[in-house]
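Enquirer: Quick note: the sequence shown uses this note's numbering, first residue 555, plus one each step. C-beta: ideal position from N, C-alpha, C; glycine also. Note that this is a predicted model, so its numbers are computed, not measured.
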Amino acid sequence: MSHADDRSFRHGGMLVRVAADSRSVCLRAAELIEEAIRRALAARGRAVLGLATGSTPEVVYRRLVERHEAGALSFRDVTTYNLDEYYPISPLDPRSYRSYMHRHLFGRVDIAPHRAHLLDGTVPEPFAAEHAAQFERWIAADGGLDLQLLGIGRNGHIGFNEPSEVSIAEALRLPTRLVELHPVTRADAARDFGSEESVIPRALTMGVATILAARSIVILATGAHKAEVVAAALTGPMTAKIPASLLQSVAPKVTWILDEAAARGLSHYRFADR
Ligand code: GLP
Numbered sequence: 555m556s557h558a559d560d561r562s563f564r565h566g567g568m569l570v571r572v573a574a575d576s577r578s579v580c581l582r583a584a585e586l587i588e589e590a591i592r593r594a595l596a597a598r599g600r601a602v603l604g605l606a607t608g609s610t611p612e613v614v615y616r617r618l619v620e621r622h623e624a625g626a627l628s629f630r631d632v633t634t635y636n637l638d639e640y641y642p643i644s645p646l647d648p649r650s651y652r653s654y655m656h657r658h659l660f661g662r663v664d665i666a667p668h669r670a671h672l673l674d675g676t677v678p679e680p681f682a683a684e685h686a687a688q689f690e691r692w693i694a695a696d697g698g699l700d701l702q703l704l705g706i707g708r709n710g711h712i713g714f715n716e717p718s719e720v721s722i723a724e725a726l727r728l729p730t731r732l733v734e735l736h737p738v739t740r741a742d743a744a745r746d747f748g749s750e751e752s753v754i755p756r757a758l759t760m761g762v763a764t765i766l767a768a769r770s771i772v773i774l775a776t777g778a779h780k781a782e783v784v785a786a787a788l789t790g791p792m793t794a795k796i797p798a799s800l801l802q803s804v805a806p807k808v809t810w811i812l813d814e815a816a817a818r819g820l821s822h823y824r825f826a827d828r
C-alpha cells in the first residue's frame, strides 16, 4: 500500500518513512503489522508479533481494533510477545504493561489469552533470570518474531534497554533481563505514576539481541521531543549510549516511521539517497 503524503528514503540501508502527523505514522504502522500477519499466516499458518507500549503506539492498537471490529483482521492465529514490563508489578496494577495491553488490544480482539505473552512482573527475583531465559526460549519455539514494533525513549532506549557504556559487541549480545531504569526514563514515566519518585525503578526487558533477531523491525517516533535522539540513532555512530543506534547493525530489516516533527533533525539527509 502506498501513501501519497508519505516521503521515504533510505539511510544507511534502513528505510525511513516520514508521514505528515502522528496519526498517519500510526495508521502506516498498523498497515505494516496487518501485512506482516497476512504474510506469516500465508507462509506458516501463524504469525508472531513483538509489541510495544508507551503513548506512541496507542493509535496503532486502536486502528488494529477497528480493523478487527470491521471483520477485516483476526488475531486467532497470532502470538504476541511484549518488549517489557515494570518489576516488580502486579498484572492487575493499571500501570502495568499487561494492563495497558489488555486495555488497548488484548481485551478488544480475538487473540487467545495464552498466546499474548508479557514478561511477568510478579516472578520472585531469584527466578527473574530464568524467567527471562524462558521467555526467549518461547519466542524461539514459536519460530521467532515476524515483526517487532518499537518506540524510542528520549534517551534512545528500545524496550527498556537503557543507554550504557558497554562496547558495541557487548550491547548487541544483551539478552532479556532485569534492568535499572535510566533517570530520563523515570522522568518520562512520571506521567503514568504521578511523580518521578513513584516510578517503579526496575523492569524486565527483551534484550537487544532478541529484538535484533526479529525478521522485521518497525520503529515509531512522533513529536519534536524525539527529533534529536532520532537523528542521533539514525545518522550518528552505533553506540550503546544510544541503544536505538544498534538497529543500524541489521539495517535492511528496519523501517523507521516518523512524523514531520520527529524527522526535523534529518532535514539534511531527507533527499540524500532516495
Ligand atoms: C517506554 C517503553 C518503551 C517506549 C518508550 C517511549 O518507557 N518502555 O518501550 O518505546 O518508553 O514511550 P512513548 O511512546 O510514550 O514516548
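Using a threshold of 8 angstroms, is the CB atom of residue 721 nearer than that to any non-hydrogen atom of the ligand GLP?
Expert: As a first step, residue 721 must be located in the sequence shown, where it is residue number 167. No.
Enquirer: First and last residue of the alpha helix (DSSP H) that includes residue 562?
Expert: As a working note, residue 562 is residue 8 in the sequence shown. Run containing residue 562: none in the alpha helix (DSSP H); it sits in the beta strand (DSSP E), 561-565.
Enquirer: Taking the beta strand (DSSP E) that residue 602 falls in, what are its first and last residues?
Expert: On the sequence shown, residue 602 is found 48 positions in, with the first residue counted as 1. Segment 601-605, the beta strand (DSSP E) holding residue 602.
Enquirer: Compute the minimum distance between the beta carbon of residue 609 and the heavy atoms of the ligand GLP, and state whether it is under 8 angstroms.
Expert: By one-based count along the sequence shown, residue 609 stands at place 55. Yes, the Cβ of residue 609 comes within 8 angstroms of a heavy atom of the ligand GLP.
Enquirer: Do residue 635 and residue 682 come within 9 angstroms of each other at the CB atom, strictly closer than that value?
Expert: For the purposes of this step, residue 682 is identified with residue 128 of the sequence shown, where counting begins at 1. For the purposes of this step, residue 635 is identified with residue 81 of the sequence shown, where counting begins at 1. Their beta carbons are not under 9 angstroms apart, which means residue 682 does not touch residue 635 by this criterion.
Enquirer: Within the present structure, is the beta-carbon of residue 778 separated from the nearest heavy atom of the ligand GLP by less than 8 angstroms?
Expert: Along the sequence shown, read from residue 1 onward, the residue named residue 778 stands at position 224. No, since every heavy atom of the ligand GLP falls outside the 8 angstroms radius drawn around the Cβ of residue 778.
Enquirer: Residue 792 to residue 762, Cα distance in whole Å?
Expert: In the sequence shown, the residue the question calls residue 792 occupies position 238. In the sequence shown, the residue the question calls residue 762 occupies position 208. When rounded, the distance between both Cα atoms is 13 angstroms.
Enquirer: Which parts of the region 710-737 are runs of the beta strand (DSSP E), unbroken and 3 residues or longer, counting only runs that do not cross its ends?
Expert: Within the region 710-737, the complete beta strand (DSSP E) runs of at least 3 residues are 731-734.
Enquirer: Pull up the distance between the alpha-carbon of residue 695 and that of residue 821, whole angstroms please.
Expert: Taking the sequence shown and counting its residues from 1, the one referred to as residue 695 is at position 141. Taking the sequence shown and counting its residues from 1, the one referred to as residue 821 is at position 267. One C-alpha to the other measures close to 42 angstroms.
Enquirer: Quick one: what does DSSP say residue 817 is sitting in, helix, strand or coil?
Expert: To locate residue 817, count along the sequence shown from 1; it is residue 263. Coil.
Enquirer: Note down the Cα distance separating residue 760 from residue 729, rounded to an integer number of angstroms.
Expert: Position 206 of the sequence shown holds residue 760. Position 175 of the sequence shown holds residue 729. Computed Cα separation, rounded: 7 angstroms.
Enquirer: Distance, Cα to Cα, residue 617 vs residue 782?
Expert: For the purposes of this step, residue 617 is taken as the residue at position 63 of the sequence shown. For the purposes of this step, residue 782 is taken as the residue at position 228 of the sequence shown. Residue 617 and residue 782: Cα-Cα distance of roughly 28 angstroms.
Enquirer: Just checking, does the region 567-585 make contact with the region 740-755 on the three C-beta pairs under 8 angstroms criterion?
Expert: The region 567-585 is not in contact with the region 740-755.
Enquirer: Which stretch, first to last residue, makes up the beta strand (DSSP E) that contains residue 568?
Expert: In the sequence shown, the residue the question calls residue 568 occupies position 14. Its beta strand (DSSP E) spans residues 568-573.
Enquirer: When DSSP labels each residue in this structure, what does residue 633 get in the three-state scheme?
Expert: Indexing the sequence shown from 1 puts residue 633 at position 79. If DSSP states are grouped into helix, strand and coil, residue 633 belongs with the strands.
Enquirer: Does the region 730-744 touch the region 652-669, meaning 3 or more C-beta pairs lie closer than 8 angstroms?
Expert: With a cut-off of 8 angstroms, the region 730-744 and the region 652-669 do not count as touching, because too few Cβ pairs lie within range.
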